[in-house]
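A quick write-up on the structure given underneath.
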Amino acid sequence: MNLCRLSDIANIEISGVDKKSIDGETPVRLCNFVDVYRNWAITQNLLKSFMIASAKETEIAKCSIHKGQVAITKDSETRDDIGISAYIADDFDDVLLGYHCALITPNEDILDGKYLNAFMHTSYIQKYFENNASGSGQRYTLSNETIFQIPILLPSLRVQKAIGNLLSNIDRKIELNRQINDNLAILGRSSARAEVRCAV
């Protein structure tokens, strides 16, 4: 197993795309900090929740999201909210990663995106982020250099894919259970309201 710097095995773009819509720029949707923070994977199911904004052509070229990439949170008010990753599980048209995040495009001959996302969630990397986060009080950040230097333990690509697929399947089951629980809660509230109306 090799130990590599992230910047040696992936391309990294720091997003500066803000939430504004400006005349003359191209309309886009934004996958923002909260989308990355709350989801193990970014899928087409989230598309309608992405906010509408605009971007320059240079931003579109650098920060458009595509299947196989990984996004991480970079800046936040609390230390625990930075360094959280999400795997880009689907291809998107005209969707960009919003600011306070970094977009990582693995060299697919060396690094699997699903594995990278799983590795970013390990206590090993979370401790790295904790030790290297700068700021205090109102704002914490991961410097560009800290992100470029992330130490990645690299097994063979075959092993990476097996690990990434296993954890992605587990996450899909967790997400399905969460959706079922949410739907049951909605049905429960609807039934309770119906019973109240009948009683009245």
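Numbered per the numbering used here, the sequence shown spans residues 359 to 558. Positions of the beta carbon are idealized from the N, C-alpha and C atoms, including for glycine. These numbers come from a predicted model, not from an experiment.
Alpha carbon of residue i to alpha carbon of residue j, nearest angstrom
i, j, result
"Arg387", "Asn539", "29 Å"
"Asn390", "Cys459", "8 Å"
"Ser481", "Glu466", "24 Å"
"Ser365", "Leu524", "25 Å"
"Ala447", "Asn502", "24 Å"
"Phe450", "Ser422", "8 Å"
"Ile440", "Phe506", "15 Å"
"Phe487", "His479", "11 Å"
"Ser526", "Gly426", "13 Å"
"Thr463", "Ile544", "39 Å"
"Gln402", "Val394", "14 Å"
"Thr504", "Leu361", "16 Å"
"Ala520", "His424", "21 Å"
"Ile528", "Leu515", "20 Å"
"Ala491", "Leu542", "40 Å"
"Asn475", "Gly382", "35 Å"
"Lys485", "Ile442", "12 Å"
"Ala419", "Asp438", "30 Å"
"Leu511", "Lys377", "35 Å"
"Arg363", "Asn489", "17 Å"
Contact under 8 Å by Cβ, residue i with residue j
i, j, result
"Glu371", "Leu454", "no"
"Met359", "Pro513", "yes"
"Ala368", "Asn397", "no"
"Thr384", "Ser412", "yes"
"Val428", "Gly471", "yes"
"Ser379", "Tyr457", "no"
"Val375", "Glu417", "yes"
Cβ distance (whole Å) where residue i is taken to contact residue j below 8 Å
i, j, result
"Ile468", "Phe477", "The pair is not a contact, with the Cβ atoms about 13 Å apart (cut-off 8 Å)."
Problem - the stretch 481-497 contacting the stretch 421-440, beta-carbon criterion three pairs below 8 Å - result: Segments in contact, yes.
Problem - Length-filtered (4 minimum) alpha helix (DSSP H) runs lying within the stretch 405-456 - result: When DSSP assignments are scanned along the stretch 405-456, the uninterrupted stretches of alpha helix (DSSP H) that are 4 or more residues long and fall wholly within it turn out to be 415-421.
Handout entry: Runs of alpha helix (DSSP H) wholly within the stretch 467-537 (minimum 4 residues, chain order)
Key = Correct list: 471-478, 481-490, 502-506.
Exercise for the section: Pick out the complete beta strand (DSSP E) segments inside the stretch 367-396, 3 residues or longer, and give them in chain order. Expected result: As far as the stretch 367-396 is concerned, its whole beta strand (DSSP E) runs of at least 3 residues are 368-372, 384-389.
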